[in-house]
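All remarks here apply to the structure that follows.
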Amino acid sequence: MVKFDWRRIQAEAEEDYEKAWLETRNLLKITGRSFQPKKVGKPHHVFDFIAKARQILFKLGYEEVMVPIIVDESAVYKEYGPEAPLILDRIFYLAGLPRPDIGLGQKKIQQIREIIPDFQKVKEFQDIFRWYKKNQIESDDLIEVMVTELEVKEEKATEILTKVFPELRNLTPKPTKKTLRSHFTALWFLILAELQYQQSLPIQLFSIGEKFRREQKLDATHLYNSYTISTVIMAEDFTLEDGQYMAKKILTGFGFEDVKFEIKKATAKYYAPQTEFEVFFKHPTLNKWIEIGDGGFYSPVPLANFEIEYPVFNIGFGVERFVMVQEGYNDI
Numbered sequence: 329m330v331k332f333d334w335r336r337i338q339a340e341a342e343e344d345y346e347k348a349w350l351e352t353r354n355l356l357k358i359t360g361r362s363f364q365p366k367k368v369g370k371p372h373h374v375f376d377f378i379a380k381a382r383q384i385l386f387k388l389g390y391e392e393v394m395v396p397i398i399v400d401e402s403a404v405y406k407e408y409g410p411e412a413p414l415i416l417d418r419i420f421y422l423a424g425l426p427r428p429d430i431g432l433g434q435k436k437i438q439q440i441r442e443i444i445p446d447f448q449k450v451k452e453f454q455d456i457f458r459w460y461k462k463n464q465i466e467s468d469d470l471i472e473v474m475v476t477e478l479e480v481k482e483e484k485a486t487e488i489l490t491k492v493f494p495e496l497r498n499l500t501p502k503p504t505k506k507t508l509r510s511h512f513t514a515l516w517f518l519i520l521a522e523l524q525y526q527q528s529l530p531i532q533l534f535s536i537g538e539k540f541r542r543e544q545k546l547d548a549t550h551l552y553n554s555y556t557i558s559t560v561i562m563a564e565d566f567t568l569e570d571g572q573y574m575a576k577k578i579l580t581g582f583g584f585e586d587v588k589f590e591i592k593k594a595t596a597k598y599y600a601p602q603t604e605f606e607v608f609f610k611h612p613t614l615n616k617w618i619e620i621g622d623g624g625f626y627s628p629v630p631l632a633n634f635e636i637e638y639p640v641f642n643i644g645f646g647v648e649r650f651v652m653v654q655e656g657y658n659d660i
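Per the working numbering, residue 329 is the first one in the sequence shown, and the count goes up by one each step.
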């Protein structure tokens with residue numbers, strides 16, 4: 329039986345990480361066969377629901393697509409128009425660490441030789457840093473390249489980078505205009521702009537995945553990330569009543585029979601005025617209406633910004649909210 333004294337390992341790593349990293353390998357069993365897997369696994373409630381939801385949507389004529397997670401800020405402006413600055417406040421922006429220019433002067437060469445006394449491959453090391461700066465070496469391959477090109481041990485390569493080149497540690501993330509999707513709409517616009525010329529109408533699509541929102545408060549019903557079922561229908565002849573009919577068909581398949589729709593008083597700018605609605609269902613035990621989805625016609629204005637020629641109806645549902653109700657949870 330193997331059980332780690334994690335407090336001791338933490339202390340040893342604090343004192344000498346490389347030494348602890350090497351020596352703690354001896355705590356592991358490397359050879360022999362002793363493990364027997366459990367007889368039956370167990371699905372997570374969220375993914376169990378997603379698996380069932382996919383089959384229901386297939387039966388209703390929807391085609392599944394993979395929607396990108398990363399979206400450029402410009403797409404959000406095209407989607408929301410003048411409302412975009414307010415929306416961007418809740419979006420996560422991506423940042424990256426710039427690769428520094430790393431010199432190899434006499435002082436650093438001397439520091440390297442304090443770690444490896446007979447080190448001579450200065451030019452080869454300069455080449456490695458030049459390749460690294462030009463993105464010809466992936467960051468997580470840098471140590472491996474040093475081991476191969478400089479013919480040094482792995483722990484020595486790590487020690488050199490850690491002790492001689494602090495500029496690799498003291499980097500500040502540089503923000504970009506790329507964001508994590510806060511919902512699927514901007515990405516649907518990009519996809520439909522292409523598919524309108526490749527597939528015959530009507531086009532019915534769905535995607536199930538995570539959305540990311542910079543919530544100001546995390547609690548029982550709000551997380552930074554959650555799963556969404558997002559659907560779109562592009563058709564020349566389609567009414568809001570058709571959209572609500574399809575929403576009800578989806579919800580019936582999910583096991584939610586007693587539902588109602590309410591037009592929102594304030595409409596998001598990517599929806600056409602007075603077409604955005606919320607979906608509610610009657611909770612069987614709480615005996616009150618619970619919001620479970622949001623949908624409507626995309627406004628012709630953002631559709632035009634993406635050069636889309638046909639009406640598009642969208643509706644989305646929060647997966648965790650379904651699961652909370654069906655499984656009796658009160659904390660997401």
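Heads up, the beta-carbon is just placed ideally off N, CA and C, and yes, glycines get one too.
Within its chain, find whatever has a CB closer than 8 Å to the CB of residue i; leave out the 5 residues flanking it on each side and keep chain order.
| i | result |
| --- | --- |
| residue 591 | 602, 603, 604 and 605 |
| residue 571 | 561, 623, 624, 625, 641 and 643 |
| residue 577 | 388 |
| residue 657 | 651 |
| residue 357 | 330 |
| residue 630 | 406, 407, 408, 409, 517, 597 and 598 |
Excluding the 5 residues preceding and the 5 following residue i in the sequence, name in chain order all residues of the same chain whose CB lies nearer than 7 Å to its CB.
| i | result |
| --- | --- |
| residue 540 | 420, 508, 509, 510, 552 and 553 |
| residue 633 | 406 |
| residue 586 | 609 and 610 |
| residue 440 | 447, 488 and 492 |
| residue 411 | 597 |
| residue 400 | 505 and 506 |
| residue 350 | 483 |
Between residue i and residue j, how many whole angstroms is the CB-CB distance? I'm expecting something under 8 Å.
| i | j | result |
| --- | --- | --- |
| residue 374 | residue 520 | With a Cβ gap of about 27 Å, residue 374 and residue 520 do not count as contacting. |
| residue 665 | residue 398 | Absent from the structure is residue 665, since the part of the chain shown begins at 329 and ends at 660. |
| residue 563 | residue 638 | 7 Å |
| residue 620 | residue 645 | 6 Å |
| residue 573 | residue 408 | Not quite, the Cβ-Cβ distance comes to about 28 Å (not below 8 Å), so this is no contact. |
| residue 662 | residue 432 | This structure gives no information on residue 662, because the portion of the chain shown stretches from 329 to 660. |
| residue 493 | residue 430 | 6 Å |
| residue 471 | residue 482 | 6 Å |
| residue 533 | residue 390 | 6 Å |
| residue 425 | residue 501 | 6 Å |
| residue 332 | residue 403 | That pair is no contact at about 47 Å. |
| residue 555 | residue 653 | Between residue 653 and residue 555 the Cβ distance is about 15 Å, and since that is not below 8 Å, they are no contact. |
| residue 627 | residue 600 | 5 Å |
Provide the residue(s) that pair with residue i in DSSP beta bridges, ordered along the chain.
| i | result |
| --- | --- |
| residue 399 | 507 |
| residue 560 | 533 and 642 |
| residue 392 | 534 |
For residue i, report the span of its beta strand (DSSP E) as first-last.
| i | result |
| --- | --- |
| residue 422 | 421-424 |
Between which two residues does the alpha helix (DSSP H) harbouring residue i extend?
| i | result |
| --- | --- |
| residue 383 | 373-387 |
| residue 653 | 647-655 |
| residue 366 | Segment: none, residue 366 is in no alpha helix (DSSP H) and carries neither H nor E. |
| residue 455 | 450-461 |
| residue 355 | That residue, residue 355, is in no alpha helix (DSSP H); it is neither H nor E in DSSP. |
| residue 361 | Per DSSP, residue 361 belongs to no alpha helix (DSSP H) and is neither H nor E. |
| residue 442 | 434-443 |
| residue 340 | 334-343 |
| residue 413 | 412-416 |
Near residue i, which residues of its chain fall below 6 Å by C-beta distance, leaving aside the five closest residues on each side in sequence?
| i | result |
| --- | --- |
| residue 535 | 393, 395 and 558 |
| residue 584 | 609 |
| residue 512 | 395 and 558 |
| residue 427 | 461 |
| residue 348 | 340 and 341 |
Beta carbon of residue i: closer than 7 Å to some heavy atom of the ligand NAD?
| i | result |
| --- | --- |
| residue 583 | By its list of ligands, the structure shown contains no ligand whatsoever, and the ligand NAD lies outside what it can speak to. |
Does the beta carbon of residue i come closer than 8 Å to any beta carbon on chain B?
| i | result |
| --- | --- |
| residue 518 | Of the protein chains in this structure there is only one, and it is not chain B. |
Would you list, in sequence order, the uninterrupted beta strand (DSSP E) runs of no fewer than 3 residues that lie entirely inside the stretch 562-645?
With a minimum length of 3 residues, the continuous beta strand (DSSP E) runs that stay inside the stretch 562-645 are 587-591, 605-610 and 617-625.
Alpha helix (DSSP H) runs contained entirely in the stretch 471-558, provided each spans 4 or more residues
Segments of the alpha helix (DSSP H) lying fully in the stretch 471-558: 482-492 and 513-523.
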